[in-house]
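K.L.:
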């Protein structure tokens, strides 16, 4: 999902002087063509094509299909490719195409959110995003002047979903596809749900705040109406609104997908059909899956689209790149840090110059080589190094248990105890644990690496940490949380956070992280509790996403689930910390802590409960590299 | 108590470019028109106190003497000039004052033995019976007799610890002393200034000052060298103080040379030792005119200003005493910028207004016989919220206020009427996860916490929050606030922090400077801690009986604030305020000698209806 600020990055860019020179060059050396292309069912989809004036050679086509508009409209209005590395494609003569997907902006037809892959295409009426891509590519290679017959598709976020779908189109001209942070599974891990828990703030901001869910009766260049929130403080806003049914009242009836989400609480056929992985099979083009390890929106999609291609389409030439990035940071110019955490190099620049551009150059223009691009190129934070790997997760990973113990200890050695012991906290839905410290409104992207000290100090957050590490410990791959709990009621959420505790002498971060707008922000780094990975599990789904089960009050129950992949080195001198809590607000909706339909719960259904987490039997399974 | 960063204001000020030219001009003028002399003045017992004197070269008239006695050094030593041009103090130089700074007994270049808040000696019989009052007397006497061209009128001023020395000066009885201004005077380190509030140790301030800053380091002879500081190895005060644990662990660090720290550890309760160190005890027959100055949001000596004035009025009624309290952090009235504190704006430069309209005219009148002080009211108080100066004939304006109870009710309601509910709210206070006093990870105690947004606290499960409906008219408070809680505990002791908060309307725009979201901002107006064991007596602490209802009633320092129409009033109750105050082990043990294992969780009930806060509502 591409958010408002990403559009803003395109439309209202803050341009450096160098970029000004590029903008002049681009306008002088490219022409623009706006076309409506007929699909097999007669519906016409609108594209903007930017063609090089240069005729000395034939040029490849690089396309992004988007629900966010191929703005600006009008033949004389140019898309500012010069604000980021996309200008490099223009300098090499690529034909740059942006397409409004079916039912959005200037395209005809009916939009459908994450339109399911259609396994049974028989007639011309049986369309899906793959057929729309096929028909678009077909028209382009036949009609765009001076093209070399080779097409690439890429896109970040929602356009990443359309990239995945493009790769399933089977058009022979399509040679290379890069799904970047692709929206992949909106129930299990992207955008709106993680393990069935509703990411209310992202969902509401997207469909209502940003106006994405507004109806589209006919093609238009005018943006949907946005919604003015009556607040500057998301915690207060969502707490005051209360139960989700109240949020639905604000959302209104016109938001089709919102209401569908409310009516499909569990992972049923509706959600299974909307898992973008189901159609992945016999993928022909070369694939480059790209994602951010700290992508607050579609981190799941990148890791898991790559895995699905490897497993379901093993013959495909498939590669993975994961950097230490927020959503779409790899297409921004500054990849040196995220929030308070520094990477020691401009990782975005490295990616653009050494991976993405060479990849398309090779497959679309036959230039250079891709030999130096490994199967998996993954940046390891902590160590702050790129690793070039033959597979992901790497072969030498050993699954290693780390146990939650008494007095906040976290240990690789299990203690045999006779009497079970546990830590206890009261989870109060009227005072949920904030997902980040500061009072603010828009969901921050930095929360993924934020200092967790604000949480460690709360009585409703359990904290376990190792002694100071005497050697580096590197994790590569998914982390499993395996808790033994008992709760006083019938449902609870569990948020497990894996944290890197910096040494006390780490000094201050004096980097101006909001250079464009705000004063420098200095954060004490000594003892900083860097979130490496956090994930939520809605307890009712512990055994099945499709058949939720109530807890039996006060009976020990296993809650086991997988956190998204990690690529991080806990350095010698640091400590590993695990935090456990039962709310993550307002990032995730509150669990009423009763086994009822949460999407139609009433305010009075939300009750306090006591949660016990058992020592020694509760553990994390860490994918530790080497011995 | 003057802290390190306050010194820094003098030494390394951050000054707007526009002001730089003036400062430059003033510095050249001062150096050209003043001369400096360093002298050692013998006291009656033979001890010599080091004194820096800046005298105007102008001989066209005789000049008054303005003295500050300080434990923080009359630096710089030698020929270099004290940088009066960085502050409004330069205004006194332009008026031709002889400016004197003195190292008090036993500090820096002065001989003798230093004692932290040396008790006033009401029975001075021999030349060896000295105190700060006698040292001031002897100093004034020497100055008026030895400084050429002085007009025989002396004033004393000082902020914080020098405010204490100003109060003591007022008790010296020297006839040349005409005017004294104790500003944020250290007054009672057990009840409300610096080291304790209501007997609760202000751990961070006390340790940082006496040990970290090295203030209480002993000294065997006069020296220009600052005391050794203790390098507190931390970037995060919450983590460091929590890891240090029980108070004896701190005492181990201090070593055995820090007499005052040891004294504090051995005088947990209000006793004669503390009573002798209540500066108010000597206030009687005060001869000079008095101008007591303080900050509403002074994190160090807010108590001292209100109570020194109060003591003057009650114990020395014939004295011409005046009070000025502005919306200030410690010493902000002497700074260039009195427009805001933290995120809260006051919409005018209150410091500049005070300097030009009160302090300088006041000294000019008493020491130079110049101008008039008719326009300076008995008390001049700035009301935050309304953001206006008010003048009163007395403070608190008892006749003009109505004590108005607001009740803690169910569902987080704060109500002007009792609702008949007999329930309670419950929280667990866990000494291993105390409630932070400020939101962010940081090192030094902030001065802004006094007006900070309390939303971070109201979101915790161990903080009770009660708020009124949106107010339909302005409510102005003027005077002390009384917290009167009915509680029961699962153990034998607990702390209670009561916070009075102004909740800003949802329509409030972001702070124009800090960009902080002010909509729904929970502005701390006043907070105070009470150590439950002292609920009936500060000298005879009493354990709680577990499970039994007990009343905990205490007074919060004075408030001058208007809750505007459209705002809400909020009360928060919590049982820790860390690391501002030390943790209560939540058992009735000697906290100053408690062990880490003595600190236990407990459950606290606060009963509706019977729990209330009594507000001094201005009619």
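Protein chains in written order, with the numbering used here: chain B, 1 to 627; chain Y, 1001 to 1619.
Yeah, the Cβ is synthetic: ideal placement off N, Cα and C, and Gly gets one too.
None of the values given here were measured: they were computed from a predicted structure.
1) Smallest Cα separation from residue 423 (chain B): which of B:332, B:354, B:26, B:407?
2) Checking contacts by CB at 8 angstroms: is residue 1583 (chain Y) closer than that to chain B?
3) If you measure from the beta carbon of residue 1442 (chain Y) to each beta carbon in chain B, is any gap under 8 angstroms?
4) Runs of 3 residues minimum, wholly inside the stretch 1130–1189 of chain Y: which ones carry the beta strand (DSSP E) assignment?
5) Check residue 1545 (chain Y) in the structure and name its three-state DSSP category.
6) Give me the residue from Y:1332, Y:1334, Y:1284 with the minimum Cα distance to residue 1318 (chain Y).
7) Whole angstroms are fine: how far does the CA of residue 1164 (chain Y) sit from the CA of residue 1295 (chain Y)?
8) Among B:488, B:231, B:107, which residue has its Cα nearest to the Cα of residue 221 (chain B)?
9) Using a Cβ-Cβ cut-off of 6 angstroms (strictly less than) and excluding sequence neighbours within five positions of residue 519 (chain B), which residues of its own chain qualify?
10) Measure the alpha-carbon distance for residue 207 (chain B) versus residue 310 (chain B) and round it to whole angstroms.
11) Is the separation between the beta-carbon of residue 226 (chain B) and that of residue 209 (chain B) shorter than 8 angstroms?
12) Any residues in the stretch 458–482 of chain B with a beta carbon nearer than 8 angstroms to a beta carbon of chain Y? Which ones, in chain order?
13) Closer than 7 angstroms between beta carbons: that is the criterion. Which residues of the stretch 1417–1433 of chain Y meet it against chain B?
14) Just to confirm the assignment: which complete alpha helix (DSSP H) runs, minimum length 4, are found wholly within the stretch 1031–1119 of chain Y?
15) Going by CA-CA distance only, name the one from Y:1261, Y:1131, Y:1379 that's closest to residue 1354 (chain Y).
16) Helix, strand or coil: how does DSSP classify residue 227 (chain B) here?
17) Roughly how many angstroms lie between the CA atoms of residue 1444 (chain Y) and residue 1333 (chain Y), to the nearest whole one?
18) Report yes if the C-beta distance between residue 1501 (chain Y) and residue 1454 (chain Y) is below 8 angstroms; otherwise report no.
19) Against residue 1238 (chain Y), what residues of chain B qualify as contacts under a CB-to-CB distance less than 8 angstroms, listed in chain order?
20) DSSP three-state label for residue 1376 (chain Y), please.
21) Just how far apart, CA to CA, sit residue 1156 (chain Y) and residue 1169 (chain Y)?
22) Using a Cβ cut-off of 7 angstroms, which residues of the stretch 1449–1462 of chain Y contact any Cβ in chain B, in chain order?
23) Need the endpoints of the alpha helix (DSSP H) that residue 1295 (chain Y) sits in, please.
24) Assuming contact is defined by CB atoms lying nearer than 8 angstroms, are residue 1192 (chain Y) and residue 1557 (chain Y) in contact in what I supplied?
25) Could you tell me which chain B residues have their CB closer than 7 angstroms to the CB of residue 1246 (chain Y), listed as they occur along the chain?
26) Does the distance from the CB of residue 1588 (chain Y) to the CB of residue 1543 (chain Y) come in under 8 angstroms?
27) Check each residue of the stretch 598–611 of chain B: if its Cβ is closer than 7 angstroms to any Cβ of chain Y, include it; give the result in chain order.
28) Leaving out the 5 sequence neighbours to the left and right, which residues in its chain are closer than 6 angstroms to residue 177 (chain B) when beta-carbon positions are compared?
29) From the DSSP output, in three-state form, read off residue 1527 (chain Y) for me.
30) Please list, in chain order, all residues of the same chain as residue 1042 (chain Y) whose beta carbon is under 7 angstroms from its beta carbon, the five residues on each side excluded.
31) So for residue 1210 (chain Y), helix, strand or coil by DSSP?
32) Should residue 238 (chain B) and residue 586 (chain B) be called a contact, given that it needs their Cβ atoms to be closer than 8 angstroms?
33) Using a threshold of 8 angstroms, state whether the C-beta atoms of residue 242 (chain B) and residue 589 (chain B) are closer than that.
34) With DSSP as the reference, please indicate the residues paired to residue 1205 (chain Y) in a beta bridge.
35) Please say whether residue 492 (chain B) and residue 427 (chain B) have beta carbons closer to each other than 8 angstroms?
36) Go through the stretch 412–437 of chain B residue by residue and report every complete run of the beta strand (DSSP E) that reaches 3 residues or more, in order.
P.N.:
If we stick to the structure as given:
1) In the first chain, residue 423 (chain B) corresponds to position 423, counting from 1. Selected option, being the one with the closest Cα: B:407.
2) Taking the first residue of the second chain as position 1, residue 1583 (chain Y) is located at position 583. False, the Cβ-Cβ gap to chain B never drops below 8 angstroms.
3) Here residue 1442 (chain Y) is taken as the residue at index 442 of the second chain, counted from 1. It does: the Cβ of residue 1442 (chain Y) has a partner Cβ on chain B nearer than 8 angstroms.
4) Counting whole runs of 3 or more residues, the stretch 1130–1189 of chain Y contains the beta strand (DSSP E) stretches 1150–1159, 1177–1183.
5) Residue numbering aside, residue 1545 (chain Y) sits at position 545 when the second chain is read from its first letter. Coil.
6) Here the question's residue 1318 (chain Y) lines up with position 318 in the second chain. Out of Y:1332, Y:1334, Y:1284, Y:1284 has the C-alpha closest to the C-alpha of residue 1318 (chain Y).
7) Position 295 of the second chain, counted from the start, is the residue given in the question as residue 1295 (chain Y). Position 164 of the second chain, counted from the start, is the residue given in the question as residue 1164 (chain Y). Computed Cα separation, rounded: 15 angstroms.
8) The sequence position of residue 221 (chain B) within the first chain is 221, counting from 1. The option with the nearest alpha carbon to residue 221 (chain B) is B:107.
9) As a position in the first chain, residue 519 (chain B) is number 519, starting the count at 1. Any reading at residue 519 (chain B) needs caution, since the residue's pLDDT is 41, under 50, leaving its predicted position unreliable; the model's value is listed next. No residues qualify anywhere along the chain.
10) As a working note, residue 207 (chain B) is residue 207 in the first chain. As a working note, residue 310 (chain B) is residue 310 in the first chain. Residue 207 (chain B) and residue 310 (chain B) have their C-alpha atoms spaced approximately 33 angstroms apart.
11) The residue labelled residue 226 (chain B) in the question sits at position 226 within the first chain. The residue labelled residue 209 (chain B) in the question sits at position 209 within the first chain. In contact: residue 226 (chain B) and residue 209 (chain B) (Cβ atoms closer than 8 angstroms).
12) 458, 459, 460
13) 1428, 1430, 1433
14) 1090–1094
15) Here residue 1354 (chain Y) corresponds to residue number 354 of the second chain, with the count starting at 1. The candidate whose alpha carbon is nearest that of residue 1354 (chain Y) is Y:1379.
16) If you number the first chain from 1, residue 227 (chain B) lands on position 227. Three-state DSSP puts residue 227 (chain B) in coil, outside helix and strand.
17) What you label residue 1444 (chain Y) is simply residue 444 of the second chain in a count that begins at 1. What you label residue 1333 (chain Y) is simply residue 333 of the second chain in a count that begins at 1. When the Cα atoms are used, residue 1444 (chain Y) and residue 1333 (chain Y) turn out to be separated by approximately 21 angstroms.
18) Counted from its first residue, the second chain places residue 1501 (chain Y) at position 501. Counted from its first residue, the second chain places residue 1454 (chain Y) at position 454. Yes.
19) For the purposes of this step, residue 1238 (chain Y) is taken as residue 238 along the second chain, with counting starting at 1. Those are 453, 457, listed as they occur along chain B.
20) If you number the second chain from 1, residue 1376 (chain Y) lands on position 376. Reduced to three states, the DSSP call for residue 1376 (chain Y) is coil.
21) In the second chain, residue 1156 (chain Y) corresponds to position 156, counting from 1. In the second chain, residue 1169 (chain Y) corresponds to position 169, counting from 1. The straight-line gap from Cα to Cα measures roughly 7 angstroms.
22) 1453, 1455, 1459, 1460, 1461, 1462
23) Here residue 1295 (chain Y) corresponds to residue number 295 of the second chain, with the count starting at 1. No alpha helix (DSSP H) holds residue 1295 (chain Y); the beta strand (DSSP E) holding it covers 1289–1295.
24) Position 192 of the second chain, counted from the first residue, corresponds to residue 1192 (chain Y). Position 557 of the second chain, counted from the first residue, corresponds to residue 1557 (chain Y). Cβ atoms of residue 1192 (chain Y) and residue 1557 (chain Y): closer than 8 angstroms.
25) Start at 1 with the first residue of the second chain, and residue 1246 (chain Y) comes out as number 246. Near residue 1246 (chain Y) there are no residues of chain B at all, since even the closest Cβ is about 17 angstroms away, more than 7 angstroms.
26) If you number the second chain from 1, residue 1588 (chain Y) lands on position 588. If you number the second chain from 1, residue 1543 (chain Y) lands on position 543. In this structure, residue 1543 (chain Y) lies closer than 8 angstroms to residue 1588 (chain Y) by Cβ.
27) none
28) Start at 1 with the first residue of the first chain, and residue 177 (chain B) comes out as number 177. Cβ neighbours of residue 177 (chain B) beyond the five flanking positions: 153, 163, 166, 167, 285, 287.
29) Numbered from its first residue, the second chain carries residue 1527 (chain Y) at position 527. Strand at residue 1527 (chain Y).
30) Here the question's residue 1042 (chain Y) lines up with position 42 in the second chain. For residue 1042 (chain Y), where only same-chain residues beyond five positions count, the Cβ hits under 7 angstroms are 1048.
31) As a working note, residue 1210 (chain Y) is residue 210 in the second chain. In the structure shown, residue 1210 (chain Y) sits in a helix (DSSP, three-state: H, G or I).
32) As a position in the first chain, residue 238 (chain B) is number 238, starting the count at 1. As a position in the first chain, residue 586 (chain B) is number 586, starting the count at 1. Against a cut-off of 8 angstroms, the Cβ pair of residue 586 (chain B) and residue 238 (chain B) comes out as a contact.
33) Counting from 1 along the first chain, the entry for residue 242 (chain B) is found at position 242. Counting from 1 along the first chain, the entry for residue 589 (chain B) is found at position 589. No, these two residues do not count as a Cβ contact at 8 angstroms.
34) Against the second chain, residue 1205 (chain Y) aligns to sequence position 205. Residue 1205 (chain Y) is not bridged to any residue.
35) Stepping through the first chain from its first residue, residue 427 (chain B) is reached at position 427. Stepping through the first chain from its first residue, residue 492 (chain B) is reached at position 492. A contact, by the Cβ cut-off of 8 angstroms.
36) 422–427
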